[in-house]
Amino acid sequence: MEEASKVLSYNLPHFRVEGFQSGHLYQRPSKDLSGVTSGRDVSHGRQLRDKLALAFQAAAGRSGFYSADISESCPAIYLEVLISSGSAIPDLNWKSKDIRFSALRVAGGGDIVGALYVPEDAVEFLTLKVQEYAEERVGSGKAKNELKFAPVESFLIGDIESLWTDSRPFPRDMATSLWWECWCISSRSEKLRRIARKLKLRVNEAALSFPDSEILLIYANPLEMSILISNADAIEELRKATDNPYFFTRLNPIEKEDWIASLINRVVPPAVDCPAVCVLDNGVNQAHPLLQHALASEDCQAIHPDWGGDDHHGHGTNMAGAALYGDLTFALADQRNIDLNIRLESVKFIPPPGWSRNEPSSYGVITQAAVALAEARAPGRKRVYCMAISNEDVSGERPTTWSSAIDQICSGSMLGDCDTRDDNRSGPKRLFILSAGNIPDSSNPDDISDYDEFPIEDPGQSWNAIAVGGFTDKVDLSEQPKMDGWKTLAEVGDHSPYSRISTDWEHSRSPIKPEIVFEAGNKAISPDGRELISGVPALSILTTGKNFTKNPIEEFWATSSATAQAAGLAAEIMARFPDLWPETIRALIIHSAQWTPAMLARLHKKSKKECIMLARQFGYGVPQLERALASAQNDLALISEAYIQPFKKEVNDKGREIGSPSFNEVHYYDLPWPKSELERLENREVQLKITLSYFIEPSPGEMAQVIPARYQSYGLRFELKKKSDTDSDFRHRINKLEKAEVKPQPAEVDSNWTFGPKSIAAGSVHSDVWVGHAIDLAARDKIAVYPVSGWWRYRAHLNRHKSNARYSLIISISSEGEDVELYAEIASRIAADVETEVSIESST
Numbered sequence: 001m002e003e004a005s006k007v008l009s010y011n012l013p014h015f016r017v018e019g020f021q022s023g024h025l026y027q028r029p030s031k032d033l034s035g036v037t038s039g040r041d042v043s044h045g046r047q048l049r050d051k052l053a054l055a056f057q058a059a060a061g062r063s064g065f066y067s068a069d070i071s072e073s074c075p076a077i078y079l080e081v082l083i084s085s086g087s088a089i090p091d092l093n094w095k096s097k098d099i100r101f102s103a104l105r106v107a108g109g110g111d112i113v114g115a116l117y118v119p120e121d122a123v124e125f126l127t128l129k130v131q132e133y134a135e136e137r138v139g140s141g142k143a144k145n146e147l148k149f150a151p152v153e154s155f156l157i158g159d160i161e162s163l164w165t166d167s168r169p170f171p172r173d174m175a176t177s178l179w180w181e182c183w184c185i186s187s188r189s190e191k192l193r194r195i196a197r198k199l200k201l202r203v204n205e206a207a208l209s210f211p212d213s214e215i216l217l218i219y220a221n222p223l224e225m226s227i228l229i230s231n232a233d234a235i236e237e238l239r240k241a242t243d244n245p246y247f248f249t250r251l252n253p254i255e256k257e258d259w260i261a262s263l264i265n266r267v268v269p270p271a272v273d274c275p276a277v278c279v280l281d282n283g284v285n286q287a288h289p290l291l292q293h294a295l296a297s298e299d300c301q302a303i304h305p306d307w308g309g310d311d312h313h314g315h316g317t318n319m320a321g322a323a324l325y326g327d328l329t330f331a332l333a334d335q336r337n338i339d340l341n342i343r344l345e346s347v348k349f350i351p352p353p354g355w356s357r358n359e360p361s362s363y364g365v366i367t368q369a370a371v372a373l374a375e376a377r378a379p380g381r382k383r384v385y386c387m388a389i390s391n392e393d394v395s396g397e398r399p400t401t402w403s404s405a406i407d408q409i410c411s412g413s414m415l416g417d418c419d420t421r422d423d424n425r426s427g428p429k430r431l432f433i434l435s436a437g438n439i440p441d442s443s444n445p446d447d448i449s450d451y452d453e454f455p456i457e458d459p460g461q462s463w464n465a466i467a468v469g470g471f472t473d474k475v476d477l478s479e480q481p482k483m484d485g486w487k488t489l490a491e492v493g494d495h496s497p498y499s500r501i502s503t504d505w506e507h508s509r510s511p512i513k514p515e516i517v518f519e520a521g522n523k524a525i526s527p528d529g530r531e532l533i534s535g536v537p538a539l540s541i542l543t544t545g546k547n548f549t550k551n552p553i554e555e556f557w558a559t560s561s562a563t564a565q566a567a568g569l570a571a572e573i574m575a576r577f578p579d580l581w582p583e584t585i586r587a588l589i590i591h592s593a594q595w596t597p598a599m600l601a602r603l604h605k606k607s608k609k610e611c612i613m614l615a616r617q618f619g620y621g622v623p624q625l626e627r628a629l630a631s632a633q634n635d636l637a638l639i640s641e642a643y644i645q646p647f648k649k650e651v652n653d654k655g656r657e658i659g660s661p662s663f664n665e666v667h668y669y670d671l672p673w674p675k676s677e678l679e680r681l682e683n684r685e686v687q688l689k690i691t692l693s694y695f696i697e698p699s700p701g702e703m704a705q706v707i708p709a710r711y712q713s714y715g716l717r718f719e720l721k722k723k724s725d726t727d728s729d730f731r732h733r734i735n736k737l738e739k740a741e742v743k744p745q746p747a748e749v750d751s752n753w754t755f756g757p758k759s760i761a762a763g764s765v766h767s768d769v770w771v772g773h774a775i776d777l778a779a780r781d782k783i784a785v786y787p788v789s790g791w792w793r794y795r796a797h798l799n800r801h802k803s804n805a806r807y808s809l810i811i812s813i814s815s816e817g818e819d820v821e822l823y824a825e826i827a828s829r830i831a832a833d834v835e836t837e838v839s840i841e842s843s844t
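So this is what it looks like as structure tokens:
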């Protein structure tokens, strides 16, 4: 476990280790599945055949809404398919017959429910396939089609609700219209538009495109939507359009004009080419004296040109100040000059009063438009995007259009980015900082006593963005008027009572969120323990206020303040290392994070399950800027940025690709390792931390709701050489193509990891800490980075199996003690390696 308490001198440059990496062909080690069967007896096939027949009979008895005058396809039936808990999700798609399995969701007890679209002219075909499963056996004695039907518990007649995958209840009032997200097959989206217009339904022009899927927004009541899906063959799932973005912004003005004047005189403005924090919000009041030197008027833009770039609410100006200065309390009290290394940008995408609010479910499109607007204004500028807006009452447990749109932004795969692709690499990568969302305000302590009841809100689940939660060090009420006897709800270094968490999410299907926490403020609780007060000045940070002539400084709290501070830190790292990839900046932030003593005190048994639950409250901890920027003699970091091609197709002797995509390559790192120093330290405790960061291209449709590998374009994992491994043992254990010199012994159980490899299921950043004796780490100088599956492999028709991906890898070793010289040994090893390379080149 890591604790943010070490006092070290961080003044040494991080090491770059790209030169110690080599790529090799890769094949995943196979599992021994001999003798494994589904466990189903012959009666299951007969029962399934009968259930399917009953479902088809029920469908035939319904009058339906199909009309040959409206539809452009043949009639079809929706079946509801139940997959038993713990079973592999079968592939029930037959493209040649247009039978499609979609709208997967998790039901009670962990069972999976999905919708099976069956055209009427394919009913006989599906009946035959189930009959073969019930009656025929293949050579091994297994039932024919066993992989497809053994996991299926039942077939039922489906309806519009079978396509509903939203976490909110299905709208049952058949006469009330609403905006629907219609997830449809991309090649059939125009057909869906035509049919919707025939039915006189409104189709929003805003649309999001993902691989094989397009999301159309259609305004209809449930009855009209039922008619639409009966006449269209495009829709694969339905959700409620996203609405109700909100902020937590109840602020009380503070008059501190003398402090402002003093601070203005001490601020050294940033250069024009500095990285910027781009605030997506209500606009920013650029004329604020603390902001105007870092925010040019032309960098204040709006989605609609008539909205103006000014802040109509106050929240955007609050965000800008927190991003630029952090907590102004410290900057105002300090008497030193403040050199600003970062700039600000603002894109207003919430309409001001008097304008109709943005169309429901358009926030994915609007967010991408805001990004495009900022980049068109200053295309060469490096920037960090910052957004503290969330979708009220929509849990972020599963991907949505908004979170997926942000994943596209980060991965360089949004509309328009494709034009910049080169050599099968996606467009420009971007760093995006989001808030985890706020717990609703209440004066009753009982209302917020169980934080598990307040999951992180959409779009905080975005895999590629950094979600920021809140902790607090604000515990001093001694100078707060009229609060004698009051206490703070949270202890120092513990969970901010404003911040949402992800402990209640399905861990096997969702990424760890938040990734980091920043100061989000505390709440005061009355002497009798019956009343809570939010926004107490002493328990909040200070930031710039909207009305700078009357209230230039205001208190600011909750995850909005945390998000702005995180964005500022990210931009500071970007300013120091302008050539690093966004994936690397993200990795440095997360890698530098540490749990506070109060967080660690929540670990009783220190089990992996406890650690994962802690991470779903606090992420990987509180980032440490100095640790992200530099190494110390006894706490050093190795960094690599590399390209990898995860998949390929085999090529025949005529140079043509054949077969289905398979895995392509693995990267081995033979690291410059402080072996002698680790051996000298013997039984001293050391920490090894590894962080792997990459950006996936999202595909939120089909099975992505329940299978992470279907959402991601590809995945990566890392593996560290074990203490007892020889080099050949290590490679053989990871890669089927590597041959061991002798038959390797079973690898020892490595229980020293904080989370362990089984904790990784979803997400595009993976970080873990190994704690143990120095002598046990001395021989573990090899690391492998290898691919896992994604839709680039599964969807061969999209021809993305040849695409290159890239990743950032950070490895750090640390040990307390002034006599520890880990850095020096690695520096000498790298110098010797470079000298050897120069010598070889000189002799050739």
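The sequence shown begins at 1 in the UniProt record's numbering and counts up one residue at a time.
Ideal Cβ positions, reconstructed from N, Cα and C, are used throughout, including at glycine.
In the same chain as A615, and ignoring 5 residues on each side of it, the C-beta atoms closer than 8 Å to its own belong to I512 and F755, in chain order. Note on geometry: alpha-carbon atoms of C274 and I342 lie some 5 Å from one another. Judged by their CB atoms, A436 and I456 are nearer to each other than the 7 Å cut-off. Within the same chain, C278, E345 and V347 come within 6 Å of A374 by CB-CB distance, once the 5 residues on both sides are set aside. With contacts defined by Cβ atoms closer than 7 Å, A774 and L681 form a contacting pair. CA-to-CA, the gap between I350 and L12 works out to about 44 Å. Within the DSSP secondary-structure output, F15 pairs in a beta bridge with L638. Inter-segment contact for the stretch 9 to 25 and the stretch 104 to 123 is absent: fewer than three beta-carbon pairs are separated by less than 8 Å. Counting only the Cα atoms, D727 lies some 33 Å from R800. By the Cβ test, the stretch 660 to 671 is in contact with the stretch 783 to 796, since at least three Cβ pairs between them sit closer than 8 Å. Between the beta-carbon of L542 and that of E531 there is about 25 Å, and that puts the pair past the 8 Å contact cut. Proximity to S607 across W753, H24 and I338 peaks at W753, based on C-alpha coordinates.
For the 7 Å CB-CB criterion, E650 and E825 do not form a contact. In the structure shown, G469 falls within a strand segment according to DSSP collapsed to helix, strand and coil.
The C-beta separation of A134 from L48 comes to about 7 Å, placing the pair in contact by the 8 Å criterion. Taking a cut-off of 8 Å on C-beta distances, the stretch 432 to 448 does not touch the stretch 472 to 485, as fewer than three cross pairs fall below it.
Distance from the CA of D311 to the CA of S154, rounded to the nearest whole angstrom, comes to 55 Å. Looking only at I525, K550 and K429, the smallest Cα-Cα distance to D446 is reached by I525. Straight through space, the alpha carbons of R194 and Y66 are spaced by roughly 15 Å. Taking a contact as a CB-CB distance under 8 Å, the pair N282 and G316 counts as one, their CB atoms being some 4 Å apart. Its Cα nearest to that of A53, the residue L128 stands out among L128, L688 and D407.
The bridge partners DSSP lists for A276 are R343 and R383. A Cβ-Cβ contact shorter than 7 Å links V384 with A567.
Note on C182: 16 or more other CB atoms within 10 angstroms of its CB, so buried under the neighbour-count rule.
The alpha-carbon separation between E136 and K144 amounts to approximately 6 Å. DSSP places S693 within a strand segment (E or B) once states are collapsed to three. Taking a C-beta distance under 7 Å as the contact criterion, A642 and Y714 do not qualify as a contact pair. Taken in chain order, the complete beta strand (DSSP E) segments of 3 residues or longer contained in the stretch 298 to 356 are 300 to 302 and 343 to 348. Rounded to the nearest angstrom, the Cβ distance from G619 to M599 is 10 Å, too far for a contact under 8 Å. With respect to L569, P623 sits close: the two C-beta atoms are nearer than 7 Å. Approximately 19 Å separates the beta-carbon atoms of K429 and E572; this is outside 8 Å, ruling out the contact. Rounded to whole angstroms, the separation of the alpha carbons of S662 and K722 is 27 Å. Annotation: I811 to V769 spans about 10 Å, alpha carbon to alpha carbon.
D833 sits in a helix when the DSSP states are folded into three classes. Straight across, the Cα-Cα distance linking G659 with S73 is about 32 Å. In the DSSP assignment, E132 falls within the unbroken alpha helix (DSSP H) covering V123 to E135.
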